[in-house]
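Here's the structure we're looking at; comments come further down.
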Amino acid sequence: MNRADVEQQTAALAVVDVYKSFGPVPAVDGLSLTVAPGICMGLLGPNGAGKTTTMRMITGQALPDSGRIEVLGLPLPQQSKAARALMGVVPQQDNLDEELTAAENLRVFATLSRVPRARRAAAVAEALELAQLSDRADSRTATLSGGMRRRLLIARGLVHSPRLLLLDEPTVGLDPQVRSELWALIDNLRNSGVSILMSTHYIEEAERLADEVAVMHRGRLIAHGHPATLIATHAGAEALEYYGPPARLAEISEQAAAAGQPTRRTGPTVSVLRAETMPQDLMDQLGEAERRATTLEDVFVLLTGESIE
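So the mapping is simple: the numbering used here equals the position in the sequence shown, first residue as 1, plus 47.
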């Protein structure tokens, strides 16, 4: 599908100038965000950034104070019921029925999602296959590993063939190997044409999976674009990472800042970004360092001053 075809399609999700406050505190402050058809959008932000509130408004669990939200052209909350039928939701918290088997969990959800009776058995089988759980279809959910349960949650969110999938921290609390397995599953979904909005605390997850990344901070959208574009725009191509005692790192930060070079602290190190633009005399002045490629984490910390993993 070429770009012209995509642009003519209705956006999978449109959030336009949305505000939501709890008392005097704005949780979402004028958010505008569009998820184009067939892409994975990563939603990044530290705790309190407004990600959870945004997800709750998209799923109809909370109402915005003002602004507009549309799912596949359907306005919320006016057409929430129709919109939910086109959405799959994978929550952060595991809420599977442990007394049921994997297949029974999907069958119940397929019924609740009004998958036609004649289609349900095939829909359950396809969702199990996609999640690589066909051989555990008759296993009680309580006996499944953590990674299998997360895959079953994703399968449940897909059993009714949604056009938009919302993933809320899909790999939180999982070990790296299981996380990699879920990354492969999510990547396959994106490649199959499912539109995805993925809220995540893992910056590497967004950098690897997302076609576009939206960074939220204190309820506002502060950066949006392709991961590589955000890295090039805000952090440059390379960083020089310096080790040393706190006083030395503070001195390096001050000297780099005085020369107009952005920096970020990472525990026992300080990284000077845009190293490819550093004058040689400044490099000589700062001393020995390790050269590395910049990352989306550099961008995140530079923009928000916080780490989220």
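From the three backbone atoms N, C-alpha and C, an ideal C-beta is built for every residue, glycine too. For clarity, every value in this text was computed on a predicted model and none was experimentally measured.
Between the region 122 to 141 and the region 290 to 309, the count of C-beta pairs closer than 8 Å stays below three; the two stretches do not touch. With 16 or more other CB atoms across the displayed protein chains lying within 10 angstroms of its CB, residue 254 is buried. Residue 164 and residue 208 have their alpha carbons spaced roughly 14 Å apart. Of the candidates 239, 200, 265, 200 places its Cα closest to the Cα of residue 140. In terms of Cβ geometry, residue 257 and residue 346 do not form a close pair [threshold 9 Å]. The Cβ atoms of residue 210 and residue 333 lie no closer than 9 Å to each other.
The criterion of a C-beta distance shorter than 9 Å is not satisfied by residue 287 and residue 245. With a cutoff of 9 Å on beta-carbon distance, residue 229 and residue 188 are scored as not near each other. If you look at residue 285, you'll find it in the beta strand (DSSP E) that goes 285 to 290. The criterion of a C-beta distance shorter than 9 Å is not satisfied by residue 105 and residue 159.
Going by beta carbons, residue 177 and residue 150 fall outside the 9 Å limit. The residue from 316, 249, 323 with its alpha-carbon nearest to that of residue 343 is 249. Counting only the Cα atoms, residue 170 lies some 26 Å from residue 108. DSSP places residue 252 in the uninterrupted alpha helix (DSSP H) bounded by 250 to 256. Beta-bridge partners of residue 67 (DSSP): 75. Within the DSSP secondary-structure output, residue 264 pairs in a beta bridge with 267.
Three or more Cβ pairs drawn from the region 64 to 84 and the region 260 to 273 lie within less than 8 Å of each other, which places the two stretches in contact. Annotation: the continuous beta strand (DSSP E) that includes residue 215 extends over 211 to 215. In the three-state DSSP reduction, residue 335 falls in the coil class, being neither helix nor strand. DSSP lists no beta-bridge partner residue for residue 155.
Check the Cα spacing between residue 179 and each of 168, 269, 191, 195: the tightest is with 195. Unbroken beta strand (DSSP E) runs of no fewer than 3 residues, entirely contained in the region 194 to 248, are found at 211 to 215, 242 to 246, following chain order. Taking every protein chain shown into account, the CB of residue 215 has 16 or more other CB atoms within 10 angstroms, so this residue is buried. If you draw a straight line from the Cα of residue 93 to the Cα of residue 219, it comes to about 14 Å. Counting along the chain, residue 117 sits inside the beta strand (DSSP E) bounded by residues 113 to 118. Residue 213 is a Cβ neighbour of residue 243, given a cutoff of 9 Å. Short of 6 Å from the beta carbon of residue 96, and not among the five residues preceding or following it, lie these beta carbons of its own chain, in chain order: 263, 264. In the three-state reduction of the DSSP assignment, residue 58 falls in the coil class.
Counting only residues of its own chain and dropping the five nearest sequence neighbours on each side, residue 98 has a CB closer than 7 Å to the CB of 90, 92, 246, 263. Taking a C-beta distance under 9 Å as the contact criterion, residue 304 and residue 341 do not qualify as a contact pair.
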